[in-house]
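A.B. asks: Numbering (the working numbering), first residue to last: 38 to 405.
Here it is: the structure, laid out below.
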Ligand SMILES: *Cc1c(COP(=O)(O)O)cnc(C)c1O
């Protein structure tokens, strides 16, 4: 027996026939780059979210980078984000020529604490990137209000939150830009790399479309130095199949989450919190314990492989530390020592969830 933290193969198999048909159709079409599949996926995804414009790109990091390039950052311009995130969020800021500034997170939701934005603000602040970490929405109403007061661009990092909502409004529809990744383990995933930017104006839509293809507004004539970051037809075709199943897959994640919540409510673990207005889509089921290393070792010996997202906060990683030598992020720093991700993917069996719960209880009984 081997239970992984996420399992892209198991999640692919129920849809393999549909996906193979979609792939075969693309192969037979003769159109492999920026054709009908990408256009259709962009249209279907923006309709799903309830947003105006959607542009497919090569991956989630590029989505963030290209959204930031629309802000035309000067080298000392600052972008406020969190350190409790994937390295991708921060590397995108640096690729776009900005300086990351980190704020701490809410200890319950693990997302950006809006009350700390005022203190992080400087005359060089240009943008804010909240991250909907683990599938729980950041406090967008407060962040948007702050950004409006200070004339800042908001870019939502939605890489872990396809389908998450605040009071029935999808994440990805609050900010000026929103960025998605379709990496194989994400809630909406292709079988390779993929990403997408959502915007609210025709001007931004046209700008991102140009930036993703060498800066072309018209073919063979770069108006600025864009990059090559196109979503492939093959990935778009796979994503069109999977988008139809996103809501049911998110429901399965939420069922698994409630099994964990019930089974572990009396354990020593700190379990995920969901705000009353939030529709949490459980990209990960992140729990806290100060006894993490012992528990992980025990579970590994049983063939259960939890993840740790993330062991080193961004402001302490070698590439990023120089941007914020004085950063004090006590909630983030403490969390990085205690956080771990229990197995969570739509095809995870309920019997497997029971095995994980009983193994955790057994270990705590022997170690409390
Ligand atoms: C996965 C992820 C990204 C980036 O995605 P890639 O497609 O791997 O470039 C960005 N932000 C967060 C929070 C992520 O989890």
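Where a beta carbon is used, it is the ideal one built from N, C-alpha and C, also for glycine.
Using three-state DSSP, classify residue 70 as helix, strand or coil.
C.D. replies: Position 33 of the chain shown, counted from the first residue, corresponds to residue 70. Strand at residue 70.
A.B. asks: Buried or exposed: where does residue 279 fall if 16 or more other Cβ atoms within 10 Å of its Cβ makes it buried?
C.D. replies: As a working mapping, residue 279 is identified with position 242 in the chain shown. With 16 or more Cβ atoms within 10 Å of its Cβ, residue 279 is classed as buried.
A.B. asks: Can you list every residue whose CB sits closer than 6 Å to some heavy atom of ligand 1, going in chain order?
C.D. replies: Cβ atoms closer than 6 Å to ligand 1 belong to 96, 97, 98, 122, 123, 125, 126, 168, 194, 196, 197, 218, 220, 230, 232.
A.B. asks: Using only CA atoms, which one of 270, 305, 368 lies nearest to residue 64?
C.D. replies: On the chain shown, position 27 is the one that residue 64 refers to. It is 270 whose Cα lies nearest to the Cα of residue 64.
A.B. asks: Name the DSSP beta bridge partners of residue 250, please?
C.D. replies: As a first step, residue 250 must be located in the chain shown, where it is residue number 213. Answer is 265.
A.B. asks: Can you list, in chain order, the residues of its chain whose CB lies under 8 Å from that of residue 60, leaving out five sequence neighbours each side?
C.D. replies: Within the chain shown, the letter at position 23 stands for residue 60. Cβ neighbours of residue 60 beyond the five flanking positions: 271, 274, 275.
A.B. asks: Have a look at 288, 187, 383 and flag the residue whose alpha-carbon is nearest the alpha-carbon of residue 52.
C.D. replies: To locate residue 52, count along the chain shown from 1; it is residue 15. For residue 52, the nearest C-alpha among the options comes from 383.
A.B. asks: Only counting the same chain, and skipping five residues up and downstream in sequence, which positions put a Cβ closer than 7 Å to that of residue 74?
C.D. replies: Residue numbering aside, residue 74 sits at position 37 when the chain shown is read from its first letter. Cβ within range, chain order: 63, 270, 273, 274, 277.
A.B. asks: Would you tell me roughly how many angstroms separate the C-alpha atoms of residue 324 and residue 255, rounded to the nearest one?
C.D. replies: By one-based count along the chain shown, residue 324 stands at place 287. By one-based count along the chain shown, residue 255 stands at place 218. Taking the straight line from one Cα to the other gives about 50 Å.
A.B. asks: Considering only their Cβ atoms, is the gap separating residue 167 from residue 194 smaller than 8 Å?
C.D. replies: Along the chain shown, read from residue 1 onward, the residue named residue 194 stands at position 157. Along the chain shown, read from residue 1 onward, the residue named residue 167 stands at position 130. Yes, the Cβ-Cβ distance between residue 194 and residue 167 is below 8 Å.
A.B. asks: Whose C-alpha, out of 399, 103, 157, 110, is nearest the C-alpha of residue 118?
C.D. replies: Within the chain shown, residue 118 is the residue found at index 81, counting from 1. Residue 157 is the option with its Cα nearest to residue 118.
A.B. asks: Sort out for me which residues DSSP pairs residue 115 with in a bridge.
C.D. replies: For the purposes of this step, residue 115 is taken as the residue at position 78 of the chain shown. Answer is 136, 162.
A.B. asks: Measure the C-alpha to C-alpha separation of residue 92 and residue 133 and round it to an integer number of angstroms.
C.D. replies: Position 55 of the chain shown, counted from the start, is the residue given in the question as residue 92. Position 96 of the chain shown, counted from the start, is the residue given in the question as residue 133. Taking the straight line joining both Cα atoms gives about 18 Å.
A.B. asks: State the Cα-Cα distance for the pair residue 400 and residue 338, rounded to the nearest angstrom.
C.D. replies: Residue numbering aside, residue 400 sits at position 363 when the chain shown is read from its first letter. Residue numbering aside, residue 338 sits at position 301 when the chain shown is read from its first letter. If I take the Cα positions, the gap works out to 12 Å.
A.B. asks: Would you kindly report the start and end of the unbroken beta strand (DSSP E) that includes residue 193?
C.D. replies: For the purposes of this step, residue 193 is taken as the residue at position 156 of the chain shown. It spans 190-194 - the beta strand (DSSP E) in which residue 193 sits, taken as one unbroken run.
A.B. asks: Do you know how far the Cα of residue 154 is from the Cα of residue 335?
C.D. replies: Counting from one through the chain shown, the residue named residue 335 turns up at place 298. Counting from one through the chain shown, the residue named residue 154 turns up at place 117. Near 40 Å, if we compare the C-alpha coordinates of residue 154 and residue 335.
A.B. asks: Taking residue 88 as the reference, which of 239, 258, 226 has the closest Cα?
C.D. replies: Counted from its first residue, the chain shown places residue 88 at position 51. Closest by alpha carbon: 239.
A.B. asks: What separation, rounded to the nearest whole angstrom, lies between the Cα atoms of residue 160 and residue 394?
C.D. replies: On the chain shown, position 123 is the one that residue 160 refers to. On the chain shown, position 357 is the one that residue 394 refers to. Spanning the two alpha carbons is a distance of roughly 50 Å.
A.B. asks: Counting pairs of Cβ atoms below 8 Å between the segment 288-297 and the segment 100-113, do you hit three or more?
C.D. replies: Judged by Cβ distances under 8 Å, the segment 288-297 makes no contact with the segment 100-113, as fewer than three pairs qualify.
A.B. asks: Hey, residue 45 and residue 226: beta-carbon distance below 8 Å or not?
C.D. replies: Within the chain shown, the letter at position 8 stands for residue 45. Within the chain shown, the letter at position 189 stands for residue 226. Yes, these two residues count as a Cβ contact at 8 Å.
A.B. asks: With DSSP collapsed to three states, give me the class of residue 103.
C.D. replies: Here the question's residue 103 lines up with position 66 in the chain shown. It is helical.
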